[in-house]
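In the working numbering, the protein residues as written are 12 to 266. Structure record follows, encoded as structure tokens.
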Amino acid sequence: MSCKRRRDQINVFLFVVTVNFLTFQVSHSVSLGHRGDGISAYQVQDNDAQQQKKHWRLVEQVTRVPGLTGLQSPVFPGEPIPSTSAATPDDSLSNGFHGVPGEVTGPPFDSSQHFFEWLAMRPLVQCYESFMTFTASGGELTHLLLDRVGASPIALHQLPSHCGYSVRISTSDLGMTVPYDSCYTIYENGSYVLPMLWWGSPLKLSCPKDMPSPSPLPPPPPPPPPLPPPVPLPPPQYSAPPLAWECRYRGWSRI
């Protein structure tokens, strides 16, 4: 009994030593830091007992910086990102109405390079019932400003959010939605007009107030007429085939 009790004590001792060794072998510590550019940085430390070296892994969680309205990302300062304000939904888009073409007036024709750059941007205005859309593409979008009456011009990505504009802009593409009741939109000669500047030259985006009603969809074709009821066929009538003269003669001879 003493030998068995001694072996049990040794086994318990070895088990406790093994558990303590494994507990001290693995260690894990986490530290949370906050950087000044609006990014939360999480540092995770992993200790390897065999190599006795510390390996750090940096995980960045990008958070939205309040008041960020520029064209540069807080993570990659040199990379442009879209700048979007509140969008204005409209039933005409969901009903399949693609709008009517609007007008782009200006800049005045001249032989300068800026005029041909404006034509190369392919400006396009589409008019809807309660808003207009404006699209353009090119590398000179930074020189396109909104002309505020009685105030200094403003860049498109700096438009106030309460005005209702929806702007998506990059270094080469522009897409903008302008509600007719938004800031800086004026009513002029029966049209809604948004004044703008291109390299300091005035231009206007306009849509008529009285929009042509969208053509109704053609009615669906009428259903085909129903098929007539099936005509019942008469039941087949079976008759015994006529007997040959030989069979008749044999039958009579038996009688």
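Backbone N, C-alpha and C fix where the C-beta goes; we use that ideal spot for every residue, glycine too.
Which word fits residue i, buried or exposed, when buried means at least 16 other C-beta atoms lie within 10 angstroms of its C-beta?
i       : result
Thr-116 : exposed
Tyr-198 : exposed
Ser-217 : buried
Pro-239 : exposed
Gly-201 : exposed
Pro-190 : buried
Using C-beta distances below 6 Å, list every residue in its chain close to residue i, excluding the 5 sequence neighbours before and after it, in chain order.
i       : result
Gly-110 : Gln-137, Cys-138, Tyr-139
Pro-247 : none
Ala-147 : Met-132, Pro-134, Leu-185
Cys-194 : Cys-174
Pro-206 : Asp-158, Lys-215
Phe-145 : Val-136, Met-187, Leu-216
Using only the alpha-carbon positions, how far apart do residue i and residue j sit?
i       : j       : result
Asp-192 : Leu-208 : 20 Å
Gly-44  : Glu-128 : Unreliable positioning characterises Gly-44 in this predicted model, as indicated by a pLDDT of 43, which lies under 50. The coordinate reading is nonetheless provided below. About 48 Å.
Leu-152 : Tyr-176 : 17 Å
Gly-149 : Pro-164 : 21 Å
Pro-171 : Leu-155 : 17 Å
Ser-141 : Gly-113 : 13 Å
Pro-234 : Met-143 : 40 Å
Helix or strand or just coil, what does DSSP make of residue i?
i       : result
Ser-193 : coil
Leu-130 : helix
Leu-185 : strand
Leu-244 : coil
Leu-170 : coil
Phe-120 : coil
Leu-135 : strand
Leu-238 : coil
Leu-152 : helix
Note down, in chain order, each residue of its chain lying with its Cβ closer than 8 Å to the Cβ of residue i, except the 5 sequence neighbours on either side.
i       : result
Pro-243 : none
Val-204 : Thr-196, Ile-197, Tyr-198, Lys-215, Leu-216, Ser-217
Ser-212 : Gly-117, Pro-118, Pro-119, His-125
Asp-221 : Gly-201
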